[in-house]
Amino acid sequence: MKVKLEFGILTTIMPAVQRSEFLLALNQVANERGVDVEVVLDTVKNAILAAYKKDHPDVELEEYSTTLDKNTGEATIFHKKKDVTPPGFGRIAAQTARQVILQKIREKEKEAIIADYKLRVGTIVNGMILRFAGPNIIVDIGKTEALMPIPEQIPNEKYHLNQRLAVFISEIREGLKGDEIIVSRSNNGLLEGLFKREVPEVAKGSVVIKNIAREAGIRSKVAVFSNQQGIDPVGSCVGQRGVRVQAIIQEFGGIEKIDIIQWQENVKDYITQALSPAKRVRVELDKNPSASSGQEKVARVFVPVEELSLAIGRDGQNVRLASKLTGYRLEIEEDKAIVAEVSKESSSAKVSTDAKVVMDKSEGQREKVSKTSKEEGEKTEVKVEEKKKEKKVEKVKVETKKEEPKEKKDEVPEIPKA
């Protein structure tokens with residue numbers, strides 16, 4: 041007995057007028073699912089054998105085969121090249137075959153999607169939160185769904201249904217229901233992908249991101265470099281008035297700070313840059329050849345006491361990120377040499393100030409003495425002049441007194457003689 045498939049259902053052979061309908065349905069299924077026609081045919085063949093196996097559980101399918109005419113939909117089962125298509129295999133077997141066909145088509149469709157996303161591992165895509173599966177988040181990334189487990193989430197970021205967000209395709213791993221696409225918000229690759237999206241120089245390769253140290257949702261340090269003259273790598277990433285880096289920060293809801301520093305080939309300069317915002321930094325590298333021996337590389341960093349808090353950061357965050365960025369274990373110490381130098385400069389400035397004050401006081405006293413002497417001289421001259429005037433007045437008075445008796449003598453009348 042021969043059976044045929046029409047529109048996903050196995051039936052007995054139909055008149056020749058409907059032969060083209062099977063091919064039409066076959067092509068439609070292939071186009072809708074995005075798979076090749078031959079793949080669909082192979083799926084149908086396997087489904088027919090699976091239906092036969094259900095009615096004959098003792099047979100070994102490895103010894104059986106089937107043929108399927110894609111123009112007519114006619115199917116025949118063979119055992120060692122002998123037609124063994126059983127009577128009554130028609131509609132009951134077709135229902136089972138239909139379910140298997142749909143399942144196989146879904147599997148093939150998923151395989152095609154997984155193959156596509158395997159090529160996109162390491163890139164960012166836009167997604168939307170569909171639902172929560174316990175602590176995990178299911179994200180719609182277009183053609184399929186992806187899983188964002190707890191370790192890939194930002195700890196202090198809040199998520200809600202239908203939230204749109206950028207995610208990083210970190211890997212494709214085998215799960216309970218087959219391969220799963222794992223996306224991340226905490227991976228460093230998301231930050232790098234956002235820089236490529238927002239900064240044309242990074243996308244073109246004229247500015248290179250050398251390394252990223254990140255504590256997701258809190259703070260990140262990004263080291264950038266350019267070997268092309270006339271390009272400022274830090275300025276390119278920051279953008280005019282910070283518009284580019286602010287767009288990236290807003291992708292994280294403004295909860296994550298981003299420090300952009302220039303990568304330096306000189307390790308000491310690189311460590312100094314990495315410890316920003318601390319400025320007065322002195323670096324001494326461990327002289328032991330730790331890089332060749334595989335041991336941890338160590339650098340001692342000397343910082344003045346007033347910048348210790350800047351170099352270390354809150355809860356050691358700044359030095360921790362700088363260590364990740366440079367690959368060195370950084371030992372922060374107070375720089376007594378800088379402290380002594382600052383103290384010496386302060387003392388010199390104080391002595392100079394005191395000397396100036398003394399000189400100012402001396403000058404003031406001299407001016408005061410000079411002024412006092414001048415005033416005393418003026419007073420003495422005034423007194424001398426006053427004394428001269430007094431003597432002159434007294435002389436005039438004396439002369440006046442001497443003349444008065446003569447005048448009185450002249451005024452006395454003569455007494456007549458008797």
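Note that our numbering has the sequence shown beginning at 41, numbered continuously upward. Glycine is no exception: its CB is placed at the ideal position from the N, C-alpha and C atoms.
(1) A256 and L365 look like a contact to me (Cβ under 8 Å); what is the Cβ gap, rounded to whole Å?
(2) Whole angstroms are fine: how far does the CA of S316 sit from the CA of V285?
(3) Quick check: the stretch 223-232 against the stretch 270-281, are there 3 or more CB pairs under 8 Å?
(4) Relative to the C-alpha of Q304, which candidate in N166, V248 and R225 has its C-alpha closest?
(5) Measure how close the beta-carbons of I178 and L187 come, nearest whole angstrom, since I'm counting them as under 8 Å.
(6) Quick one, are the C-beta atoms of R259 and K198 less than 8 Å apart?
(7) Would you call K437 buried or exposed, if buried means 16 or more other Cβ atoms sit within 10 Å of its Cβ?
(8) Can you grab the Cα-Cα spacing for the pair E147 / R354, in whole Å?
(9) Over what stretch of residues does the beta strand (DSSP E) that includes I88 continue unbroken?
(10) DSSP three-state call for F118: helix, strand or coil?
(11) Please confirm whether N202 and K144 have their CB atoms less than 8 Å apart.
(12) How about I9 and G162: do their beta carbons lie closer than 8 Å?
(13) For H119, collect the residues of the same chain with a Cβ closer than 7 Å to its Cβ; drop the 5 residues on either side in sequence, then sort them by chain order.
(14) Hey, V341 and L361 are a contact pair by Cβ (cut 8 Å); roughly how many whole angstroms apart?
(15) Taking all protein chains shown into account, decide if K401 is buried (16 or more other Cβ within 10 angstroms of its Cβ) or exposed.
(16) CA-CA distance, N176 and D109?
(17) Inspect the beta-carbon positions of I295 and N358 and report whether they are closer than 8 Å.
(18) Run the CB neighbour count on P344, radius 10 Å, all protein chains shown included, and call it buried at 16 or more, exposed below.
(19) Identify every run of the alpha helix (DSSP H) within the stretch 323-371, keeping only runs that are complete inside it and at least 4 residues long; order them along the chain.
(20) Near L465, what residues of its chain come up, given a Cβ to Cβ distance below 6 Å and the 5 sequence neighbours on each side ignored?
(21) Tell me L63's beta-bridge partners as DSSP assigns them.
(22) Apart from the five residues on each side of it in sequence, which residues of its chain come closer than 6 Å, Cβ to Cβ, to I153?
(23) Can you tell me the Cα-Cα spacing of G245 and L64, whole angstroms?
(24) Between V262, G218, L66 and E72, which has its C-alpha nearest T83's C-alpha?
In short:
(1) Rounded, the Cβ-Cβ distance is 15 Å, inconsistent with contact.
(2) The C-alpha of S316 is placed about 17 Å away from the C-alpha of V285.
(3) Taking a cut-off of 8 Å for Cβ pairs, the stretch 223-232 and the stretch 270-281 do not touch, as fewer than three such pairs fall below it.
(4) It is V248 whose Cα lies nearest to the Cα of Q304.
(5) That pair is a contact at about 6 Å.
(6) At the C-beta level, R259 and K198 stay beyond 8 Å of one another.
(7) The predicted position of K437 is uncertain, since its pLDDT is 45 and thus under 50; a value taken from the coordinates is nonetheless stated next. Burial call: exposed.
(8) Rounded to whole angstroms, E147 to R354 spans 51 Å at the Cα level.
(9) Note, I88: premise wrong, no beta strand (DSSP E); alpha helix (DSSP H) at V77 to D95.
(10) DSSP places F118 in the strand class (E or B) of the three-state scheme.
(11) It is not a contact, given that the beta carbons lie outside the stated cut-off.
(12) The displayed coordinates of the chain run from 41 to 458. Any statement about residue 9 would go beyond what the structure contains.
(13) These residues qualify, in order along the chain: E103 and Y104.
(14) A Cβ-Cβ separation of about 14 Å leaves V341 out of contact with L361 under the 8 Å criterion.
(15) Per-residue confidence for K401 stands at a pLDDT of 49, beneath the threshold of 50, marking its modelled position as unreliable; the derived number appears in the next sentence. Its Cβ having fewer than 16 others within 10 Å, K401 is exposed.
(16) Within the model, the alpha-carbon separation for N176 versus D109 is close to 46 Å.
(17) Cβ atoms of I295 and N358: not closer than 8 Å.
(18) Taking a 10 Å sphere around the C-beta of P344, we find 16 or more other C-beta atoms and assign the residue as buried.
(19) Assignment of alpha helix (DSSP H) within the stretch 323-371, counting only whole runs of 4 or more residues, yields 330-333, 348-352 and 357-366 in chain order.
(20) Residue 465 cannot be examined here, being either before or after the span of the chain that is shown, 41 to 458.
(21) Note: L63 sits in no beta bridge, so no partner.
(22) Within the same chain, K183 and T184 come within 6 Å of I153 by CB-CB distance, once the 5 residues on both sides are set aside.
(23) Distance from the CA of G245 to the CA of L64, rounded to the nearest whole angstrom, comes to 48 Å.
(24) The candidate whose alpha carbon is nearest that of T83 is L66.
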